[in-house]
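Number of protein chains: 4
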Amino acid sequence: MKHELSLPEVLSQIEKTVRPQFGKGRVADYIPELATVDPKKFGMAVRTVSGQEYVIGDGDEPFSAQSVTKLFALGIALNRIGDEVWTRVGKEPSGTPFNYLSQLEHEAGFPRNPFINAGALAVVDMLLKGTRRPDLTVRDYMGFLCQNALTIDEAVARSEIETAHKNRAIANLMKGAGTLHHEVETVIAAYCRQCAITLSCRDLARAALPLAAGGYSPVIEETVFPARQARRLNALLLTCGVYDSVGSFAYRVGLPAKSGVGGGIVAIVPGQAAIAVWSPELDRHGTSVVGFAALEAFSQITNCSVL
Amino acid sequence: MKHELSLPEVLSQIEKTVRPQFGKGRVADYIPELATVDPKKFGMAVRTVSGQEYVIGDGDEPFSAQSVTKLFALGIALNRIGDEVWTRVGKEPSGTPFNYLSQLEHEAGFPRNPFINAGALAVVDMLLKGTRRPDLTVRDYMGFLCQNALTIDEAVARSEIETAHKNRAIANLMKGAGTLHHEVETVIAAYCRQCAITLSCRDLARAALPLAAGGYSPVIEETVFPARQARRLNALLLTCGVYDSVGSFAYRVGLPAKSGVGGGIVAIVPGQAAIAVWSPELDRHGTSVVGFAALEAFSQITNCSVL
Amino acid sequence: MKHELSLPEVLSQIEKTVRPQFGKGRVADYIPELATVDPKKFGMAVRTVSGQEYVIGDGDEPFSAQSVTKLFALGIALNRIGDEVWTRVGKEPSGTPFNYLSQLEHEAGFPRNPFINAGALAVVDMLLKGTRRPDLTVRDYMGFLCQNALTIDEAVARSEIETAHKNRAIANLMKGAGTLHHEVETVIAAYCRQCAITLSCRDLARAALPLAAGGYSPVIEETVFPARQARRLNALLLTCGVYDSVGSFAYRVGLPAKSGVGGGIVAIVPGQAAIAVWSPELDRHGTSVVGFAALEAFSQITNCSVL
Amino acid sequence: MKHELSLPEVLSQIEKTVRPQFGKGRVADYIPELATVDPKKFGMAVRTVSGQEYVIGDGDEPFSAQSVTKLFALGIALNRIGDEVWTRVGKEPSGTPFNYLSQLEHEAGFPRNPFINAGALAVVDMLLKGTRRPDLTVRDYMGFLCQNALTIDEAVARSEIETAHKNRAIANLMKGAGTLHHEVETVIAAYCRQCAITLSCRDLARAALPLAAGGYSPVIEETVFPARQARRLNALLLTCGVYDSVGSFAYRVGLPAKSGVGGGIVAIVPGQAAIAVWSPELDRHGTSVVGFAALEAFSQITNCSVL
C-alpha cells in the first residue's frame, strides 16, 4: 500500500466516493428476514498486520455474515482434515450461478469449489463428522479470531431454513450422488444457521487478519494456520470468492475477497491488512454494490492490488 | 390387427420369441426393495374391446406398477380440472433423462410432460388440492377400472421414500420455483406410495382398456372419460410415454405405451385392445427388455401399429 | 376417416375455420429471400390412396419446401444403405431447439434424429457418398414421386447459403467430431439447395402418398419402398417430425407429419391419404400457424387421428 | 521474491525438481504439425525488471506460441479501442472447456473472456477493423517487445487452418449471433496464423516484461501501456489465463499466467519479473505439465506468489 494519505483520510475519502452508488442495488429478498434491513447502512473497517484499526460508518453494527462464513468453515475443515478436503470439493471457478444445479448434475454431485453453495454444503458435511453442531463451531472459531462473542440470528436462521428450497435441491442431488454423507436436513440446518452468524465489520476484519499475516493472528497473538494455507486460501478467494463476478472483481479491485448476500465483503491485502465492508444493497450477482465500490476505491487510492 | 393367428396362438409364439432376451437387462436396483424380484418373471395379458381376455406366464402375479401409475394419476387430474392441467405441465418429450434436472432448472421448474418425474410430481401436487391421500385415490381409481382391490406395497413405498433423493431434488427445485404448491415431503410421500401400487398384467390391461375404447370401459360398462381425452392421452403416450426411448419404441412397436421401472409396460391398440406385459430386467433407459421385445413381436405379428 | 361430409365439403369448411388464424404468426425472415412471400397465402391438397385428389386455395402454387425435403432425403438414404443410416443418426426427439448445438456437442456430434438440422446434414453427407449433387437427387426423386418436374429456387438457395451460419457451426462441430465425412461447404451447399426445392401442395400430397399406402405409390403405380419402411418413417414423423412441437402436434392432430419453415406441412393418414398444406406465417417453433390449424380441423372433422 | 538462492541457482534447482514430471503429459496432437515436436524439450527464461536475464535448457529454441499470443493480441486491442473491447467480450472465467460451445450458445454468442477461443476470435475481429493482417500486427508487436524478428510457422499455420473445425463452429455461431463482424474464414485464417507465431522463452519473457513493470518495457526502454492496464491484464490472467485450471494454478503457483498448447507458459511477478517456460507435454486441460511444475517450484523457492 503506497499512498500519501493516512488510513483515516483514505476511509473518509471512500465514504464520499461511494455515496452515489446507493440506490443502485437491491437488498436480498429471497430470505424474507434479510429484507428488513435498512438499505442505506454502510460500514467499513481496516485492520492492519501492524496493529492499526480504523472503523467508519456502521462498522460496529452486526450484520448477517451469510456466505462470508464459508471462508471460516473451510479454514476449520482444512485445519482438521487437510488436503482430504480436496477429495470432496474442487478448486475451480464455477462459471455462471444460474445453472449451478445443472453443473453439479453434470459433474455427478462433485462441487466446483467450497464457496458455491454445493461446496459449502460439502464442507458442512465434513465438519459434521467431528461435531453435531458445526454452526456453533464456525461461530465460536470466528468469535475466537475476532475476540468477540458472536451470535446466530435465530430469526434469520429460521427464515433461511424455511425457504432453502434450492439448497435442499442441491443437497438432495449430492445425497443421491453419494457426495453428502449426513442427512440432508441436518446439513441444511447447520448450513443455514452458519450463514445466520452476525458480526460487525470490525469483527470481520479482525477475524480475517491471519489471511493477511501468513496464518498468524496479531489479534490473538497466535498462529492459527500455516503460511502456505493462508496463501492458498487467498488464491481460492481470488479465483472463486465472488461467485460469477470474480473476474470483474479481480479486474477492478485486485484483492482476494469473499462476499455474502448480507451485504458484507471481506478483502485481504496480503502482508498488510484485512478490510471488511458492509452495505446491504446487492448487484444481480449477489455482491454489495457500495461494498464493491468502496473496495475498488480503497485499492485505487492505496495502490494495494496484488497484481 | 390383421393376422391369421388367434390371440392365444400369437401370445404363445411371443413367449418363444422373447426367450433369448432374458439376461440382457438388469433389475432396477436403485430402489433396494425392487431389486429382490425374480428377474426371470414374464407375464402378458391382452384384453380386447370386444371382451376377449388372454393371459400367459406370470400375467396374474402382482408387480410394482411404478411409472405406469402416472398415466392414471394424469387421467384423474384431467377429469378433475381439465385443461388447467396444461398450465402446470407441458406436453413435449423431454429429450435425455441424464439432464432432466438441468432441463427443469433451465425451464424455471416447469416440467416438460406429465410422465417424467417432475411432471408426475406436479400431477400429485394437483391431486393434493382435492384430497390428502392422492396415492389412495390413484390406487382406488385403478382398482375400480380393473375391478380388483389393489394394494400399495408398503415395503417398496418405504424403500422409495427413503432413497428418493433425486426426486426430492426435483421437488425442491420446483418448490423454489413456485411450481409445486404443497409441502415437498407430502408430495414425495404420496408420489412414492402411488408408484408402489401393485397389480397384475390382467389388472393393468383391464384398467387401461378405456384408452383403446374411446373412454368407455367394457369392463365396468361405463364411460370414464370423453373419446377426445382417450385420443389425447394416447398422443401423449406415443410422444412421451417411454422416456428417452420414445422414438425407438414408436419405430419398433408403433403403439402408445407407458413403461415403469417395475418392468411393466402397458400398450394401447386404439379401437381394439389394451396389452400389458411384465418382465423385471430393464434396459439402460429403464424399460423392460423382454417387455419391449414382446410388444414388438405382438405389433409385427398382428400388424397393429397405428402407423 | 369416418365422417359424413365429402372431402370437398371438409376442405371448404376448413378454409373458413382457419381464417381467424391469419396474422398470428410471422413469415420466416432469417432467410432473407423467404421473407418476400405473401403471408396470406393458403393452399391445401388431399390425395387419397384410392385416387381421389382435392386442392383448394393456393394449393397449386409452388412454395419453398425447406425441411419437408428432409423426409425424402431420408427415404433415399434408407433405400440406398438401409439400417446403416442409424449408425450415423438417432431416432429420438431432441427436446428444445434453442440448445440444439449444445445437445450435439454433449453427444459428441451424433445427431438425435434425421429431421433436426444436424441429422439432415448427416443424411446429405450419406448421399454424397454416391453422388456429387444430392440436392438434384432429392429434387428428382420428389419430382418422380409427384410426376412433376420440380425446380430449385436459385435465389432462395443462394440466400440460404450466404446466411447459413448456424448450420455451418453445426456442420463444423460434426466435422471436428468425425461424424461428417465430406467437406463442410459441400454439405452446406447441397443441404441449402435441397431446402430450396419448390413444389405445390398438390405435388407434395402426391409425393408423400407412399407413406400412406405401405410404400406403394398409386400415382406412379409402383412400390417405392417396403411397407415396413413406411411404418417406420411414419413413426419417426410422429415422434420427431415437428421439432419441439411434436408433442402438441400429436395431441392436437394425431398424425405423422413434417413441417418446413417455408410454411408447408405434409401429414399422413396411414392407409388412407396424404395431406399437404401451405401458409407462410410461422409460430415461434417454425411451424405454419394456419397449416397447423388446418390439419387440426381436418383431423377433428374426419376423425382420422391414428390415436 | 524473498529467497537465499541466486536466480541461476533457483533455475538449476528447478531443472532437477521437474525431471520426474516428463512422460506424464501428452504432446498436442489435434494440430498434426504440433505433434512432431520432441516431447522432452524443456526451456526456461527469467527476465527481471532490473535487467537480469537467465535462460536454461532449450530456452533459446523457438516454439509455437499458440494461445500465449492471445495476451498480446488483447494488449493491442486495448491500446487501440480501450474499454470498447469489453462491449464485445467478458472478463469472467468460463468454467469447463468441454461445453464451451454450449456456453457460447446460451450466452448468445458473447464470449466469456478474451482468452477462450471464442473471445480470442472476437479480438481478432476487432483488430481486423484497422488492418487486413492482424496476425502480422501481433507478430510484429511481440517482436518489437522482445526486440527480435519473429516468424509465423507456415506449416503449423496451414495445419491449423485445415483442422480448425471446432473454431469454425465457434466463429460461425458468433457470426450467426452478430458478434463477429468480418468473414468467418478471414477471422479463422488470421487467428490460426497468429497462433502459429514462434518465439523462444527468452523472447517471451522479454515481451511480457511490461506486465511486470507497470506497462514500461525495460527492454525497449519505453512505456507501452498505462500501469493500470498492466494491473488489469494481470487480473485477467489470474482469473482466466489458464482455462479451466485457473483455480489450481492460482492455488499452486499464485501468479498471473497464460498458457498455450504449444507447451509454453508465461507468468508475471508484478513489480519484479516475467518468467517463460516451455515443455511440450500437456495435461488434459492443455497446459504444459513440466511448465506448470517448474512455475510451482519457482513460486515456492522464491516465495513470489502474489497471494
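Chains as they are written, first to last, in this note's numbering: chain A, 188 to 494; chain B, 188 to 494; chain C, 188 to 494; chain D, 188 to 494.
For every residue, glycine included, the Cβ atom is placed at its ideal position computed from N, Cα and C.
Check: What does a CB cutoff of less than 6 Å around A463 (chain C) pick up in its chain, not counting 5 residues either side in sequence?; Outcome: A232, C388, L391, A392, V453
Check: Could you name the residues of chain C that L360 (chain D) contacts, counting a contact when the two beta carbons are closer than 8 Å?; Outcome: L288, H352, K353, A356
Check: Would E341 (chain B) be called buried (16 or more neighbouring beta carbons within 10 Å of its own) or exposed?; Outcome: exposed
Check: For L258 (chain B), I'd like the list of residues in its chain whose CB is within less than 6 Å of its CB, leaving aside the five on either flank, ordered along the chain.; Outcome: K445
Check: Is DSSP giving G330 (chain B) helix, strand or coil here?; Outcome: helix
Check: Counting only Cβ-Cβ distances shorter than 8 Å, please list the residues of the stretch 251 to 281 of chain A near chain D, keeping chain order.; Outcome: G277, K278, E279, P280, S281
Check: Per DSSP, which residues does T373 (chain D) bridge with? Please list them.; Outcome: DSSP lists no partner for T373 (chain D).
Check: Relative to chain A, which residues along the stretch 314 to 328 of chain D have a C-beta separation below 7 Å, given in chain order?; Outcome: none
Check: Evaluate S466 (chain B) with the Cβ neighbour count: other Cβ atoms within 10 Å of its Cβ, from every protein chain shown; 16 or more gives buried, anything less gives exposed.; Outcome: buried
Check: With 8 Å as the limit, tell me which residues of the stretch 462 to 488 of chain D have their beta carbon closer than that to any beta carbon of chain A; keep them in chain order.; Outcome: none
Check: Reducing DSSP to helix, strand and coil, say where A222 (chain B) ends up.; Outcome: helix
Check: Return the Cβ separation of L337 (chain A) and R319 (chain A) in integer angstroms, given the expectation that the two are a contact with Cβ distance under 8 Å.; Outcome: 19 Å between Cβ atoms; not a contact.
Check: Got a sec: which bits of the stretch 403 to 437 of chain A sit with their beta carbon under 7 Å from any beta carbon on chain D, in order along the chain?; Outcome: R418, R419, N421, A422, L423, L425, T426, C427, D431, V433, G434, S435, A437
Check: Which residue from B:E468, B:L398, B:V456, B:R471 puts its Cα closest to that of Q497 (chain B)?; Outcome: No answer is possible for residue 497 (chain B): the residues shown for chain B start at 188 and end at 494.
Check: Determine, for S492 (chain D), whether the minimum Cβ-Cβ distance to residues of chain A falls below 8 Å.; Outcome: yes
Check: Which value, in whole angstroms, describes the spacing of the CA atoms of P195 (chain A) and F209 (chain A)?; Outcome: 22 Å
Check: Tell me the rounded alpha-carbon separation between L482 (chain B) and N266 (chain B).; Outcome: 29 Å
Check: May I ask which residues mark the beginning and end of the alpha helix (DSSP H) holding L386 (chain C)?; Outcome: Not the alpha helix (DSSP H): L386 (chain C) falls in the beta strand (DSSP E), residues 384 to 386.
Check: Hey, how far is the Cα of G522 (chain A) from the Cα of H369 (chain B)?; Outcome: Past the boundaries of the shown model lies residue 522 (chain A); chain A is included only from 188 to 494, so the question cannot be answered.
Check: Applying the criterion that 16 or more other CB atoms from any shown protein chain within 10 Å of the CB defines a buried residue, is D225 (chain A) buried or exposed?; Outcome: exposed
Check: Return the Cβ separation of L297 (chain A) and G277 (chain A) in integer angstroms, given the expectation that the two are a contact with Cβ distance under 8 Å.; Outcome: The sequence shown places Phe at residue 297 (chain A), rather than the Leu named in the question. Confirmed, Cβ separation roughly 7 Å.
Check: In the stretch 245 to 295 of chain C, which residue ranges form an unbroken alpha helix (DSSP H) of at least 4 residues, counting only runs that do not cross its ends?; Outcome: 256 to 268, 287 to 293
Check: State yes or no: is the beta carbon of G363 (chain A) nearer than 8 Å to at least one beta carbon in chain B?; Outcome: yes
Check: On the criterion of 16 or more Cβ atoms from any shown chain inside 10 Å, does A344 (chain B) qualify as buried, or is it exposed?; Outcome: buried
Check: Could you check what DSSP says for K353 (chain B) in three-state terms: helix, strand or coil?; Outcome: helix
Check: Please report the straight-line C-alpha distance between V237 (chain A) and E409 (chain A), rounded to a whole angstrom.; Outcome: It should be pointed out that residue 237 (chain A) corresponds to Ser in this sequence rather than to Val. Rounded to whole angstroms, S237 (chain A) to E409 (chain A) spans 14 Å at the Cα level.
Check: Check whether the stretch 353 to 368 of chain B touches the stretch 301 to 311 of chain B, taking contact to mean three or more Cβ pairs, one atom from each stretch, closer than 8 Å.; Outcome: yes
Check: 8 Å is my cut-off, CB to CB: does E294 (chain A) come that close to chain B?; Outcome: no
Check: Where do the N-terminal and C-terminal ends of the beta strand (DSSP E) with I462 (chain B) fall, by residue?; Outcome: 460 to 465
Check: Report the neighbours of G441 (chain B) on chain C: residues whose CB is nearer than 7 Å to its CB, in chain order.; Outcome: R418, A422
Check: Nearest to L314 (chain C) by alpha carbon, out of C:S492, C:D245, C:T373, C:S435?; Outcome: C:T373
Check: Just verifying my parser: in three-state terms, what is the DSSP assignment at K445 (chain B)?; Outcome: strand
Check: If we cut at 8 Å on Cβ distances, does T204 (chain B) have a partner in chain A?; Outcome: no
Check: Is E191 (chain A) helix, strand or coil by DSSP?; Outcome: coil
Check: For G447 (chain C), which residues from the same chain have a beta carbon less than 7 Å from its beta carbon, with the 5 sequence-adjacent residues on both sides left out?; Outcome: A252, Q253, S254, V255
Check: How far does the beta strand (DSSP E) with G230 (chain C) in it reach, from first residue to last?; Outcome: 230 to 235
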